Amino acid sequence: MTHDEIFAKVRATLVDALNVDDNEVTPTARLKGDLNAESIDFLDIVFRLERQFGFSIPREDLFPESIFQGDPKFVAGGKITEPGLVELQTRMPYADLTEFRKDPRLDKMEDLFTVDLIVNYLQSRVNAK
Amino acid sequence: MRWTWIDRFVAFEPKKSAVAVKNLSLAEDHFADHFPGFPVMPAPLILEGLAQTGGILVGHANDFEKNVVLAKMSGAKFHRETAPGEQLTYTAALLDLNDTGARVAGTVHAGGELVAEVEIMFAHVSPAQLPPGMPDSKFVFSGELAYLLKMAEAAAGQAAPPAAAP
Numbered sequence: 320m321t322h323d324e325i326f327a328k329v330r331a332t333l334v335d336a337l338n339v340d341d342n343e344v345t346p347t348a349r350l351k352g353d354l355n356a357e358s359i360d361f362l363d364i365v366f367r368l369e370r371q372f373g374f375s376i377p378r379e380d381l382f383p384e385s386i387f388q389g390d391p392k393f394v395a396g397g398k399i400t401e402p403g404l405v406e407l408q409t410r411m412p413y414a415d416l417t418e419f420r421k422d423p424r425l426d427k428m429e430d431l432f433t434v435d436l437i438v439n440y441l442q443s444r445v446n447a448k
Numbered sequence: 272m273r274w275t276w277i278d279r280f281v282a283f284e285p286k287k288s289a290v291a292v293k294n295l296s297l298a299e300d301h302f303a304d305h306f307p308g309f310p311v312m313p314a315p316l317i318l319e320g321l322a323q324t325g326g327i328l329v330g331h332a333n334d335f336e337k338n339v340v341l342a343k344m345s346g347a348k349f350h351r352e353t354a355p356g357e358q359l360t361y362t363a364a365l366l367d368l369n370d371t372g373a374r375v376a377g378t379v380h381a382g383g384e385l386v387a388e389v390e391i392m393f394a395h396v397s398p399a400q401l402p403p404g405m406p407d408s409k410f411v412f413s414g415e416l417a418y419l420l421k422m423a424e425a426a427a428g429q430a431a432p433p434a435a436a437p
């Protein structure tokens, strides 16, 4: 399956799950910030992707919920520390941290959940088959 | 008023589907206001009945060990109104089920006609996720639902009699 084919499937899934228009689902669209996903929608998205792709997707793989648990080594003053960023990249290997590194505020972490993140994750799963 | 929006189960296939019926009676209070002189079953209450049908199906899949909470409804369509005297048939079919929750496809029929359809998502809520002050770790499948559960089990028994009966 090509990257474009995966993107098309992800787009169809998000259109159904989030009730958004086709053209709103761009590779860089943020699930919460741009597509107005709520936390419960993440569960819905995982269900639908599992059905679309025919394999199970542990929620923590795609949308890890509590990476830092308030650990002061990883978070200080509302910002993610350098060791925290390393941990984050390990836990979310499919996320693009380039922008986030410039201002790694904990409350901006949800911006990492983009359409691209889903597509990249699925691509790696499909390739591994 | 009791918050039970199905009357009984008529079929129950564990982890697959559940069918319940709801008889609409003019004695139900909501018909007086919805609407005066023109009683129509409120659409949200139809969805509630369908969610109770599907919720019990999902709860049964884990022997009612998990709290099942209505999380999301999508693609709800209503095809016609229903009135006192009619019987609604709620059908819930399990689409997906895992540790975190479940999805159910629901339809409502009356007199052989499709009245409504919707997709329902349920979340499993663990005791740790409950708001503070909730006394019971199991708060969904208790009280009146217990009666409906017995009806569901009876319906399941009818649908699938033990194969090895002597």
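Heads up: the protein sequence lines correspond to chains A and B, in order.
So the number in this note's numbering is just where the residue sits in the first sequence, counting from 1, plus 319.
So the number in this note's numbering is just where the residue sits in the second sequence, counting from 1, plus 271.
All C-beta atoms, glycine included, are put in the ideal place defined by N, C-alpha and C.
Here the structure is a predicted model, which means the values were calculated and not measured.
Interface flag, residue i vs chain B, CB-CB below 7 angstroms
i                : result
Phe387 (chain A) : no
Ile399 (chain A) : no
Ile359 (chain A) : yes
Asp363 (chain A) : yes
Phe372 (chain A) : no
Phe366 (chain A) : yes
Minimum Cβ-Cβ distance from residue i to chain A less than 7 angstroms
i                : result
Lys286 (chain B) : no
Arg273 (chain B) : no
Gly325 (chain B) : no
Gly308 (chain B) : no
Met344 (chain B) : no
Asp300 (chain B) : no
Distance, residue j Cα to residue i Cα
i                : j                : result
Ser288 (chain B) : Ala303 (chain B) : 33 angstroms
Thr345 (chain A) : Ala291 (chain B) : 42 angstroms
Arg444 (chain A) : Val339 (chain A) : 26 angstroms
Ala282 (chain B) : Phe393 (chain B) : 21 angstroms
Ile327 (chain B) : Asp380 (chain A) : 29 angstroms
Gly383 (chain B) : Thr353 (chain B) : 12 angstroms
Asn294 (chain B) : Asp278 (chain B) : 7 angstroms
Val389 (chain B) : Ala347 (chain B) : 4 angstroms
Ile399 (chain A) : Asp422 (chain A) : 9 angstroms
Leu316 (chain B) : Phe412 (chain B) : 19 angstroms
Leu401 (chain B) : Arg370 (chain A) : 29 angstroms
Residues that residue i bridges to, as DSSP identifies them
i                : result
Leu328 (chain B) : Leu328 (chain B) is not bridged to any residue.
Met344 (chain B) : B:Ile391
Ser288 (chain B) : B:Glu284 and B:Ala364
Lys293 (chain B) : B:Leu359
Asn338 (chain B) : B:Val396
7 angstroms CB neighbourhood of residue i in its chain, flanking five on each side removed
i                : result
Gly403 (chain A) : Phe387, Phe393 and Val394
Close-in-space but distant-in-sequence residues of the same chain around residue i (CB under 6 angstroms, 5 per side omitted)
i                : result
Lys448 (chain A) : none
Ala431 (chain B) : A caution first: Ala431 (chain B) carries a pLDDT of 46, below 50, which makes its placement in the model unreliable, though a value can still be read off. The answer is none, since no qualifying residue turns up.
Close-in-space but distant-in-sequence residues of the same chain around residue i (CB under 8 angstroms, 5 per side omitted)
i                : result
Gln408 (chain A) : Ala414 and Leu416
Chain-ordered chain D contacts of residue i [CB-CB under 7 angstroms]
i                : result
Met422 (chain B) : No chain D appears in this structure, whose protein chains are A and B.
Any chance you could list the beta strand (DSSP E) runs of at least 3 consecutive residues sitting entirely within the stretch 354-430 of chain B, in chain order?
358-368, 372-381 and 384-396
Which runs of the alpha helix (DSSP H), 4 residues or longer, sit entirely within the stretch 337-415 of chain A?
358-372, 378-381 and 401-410
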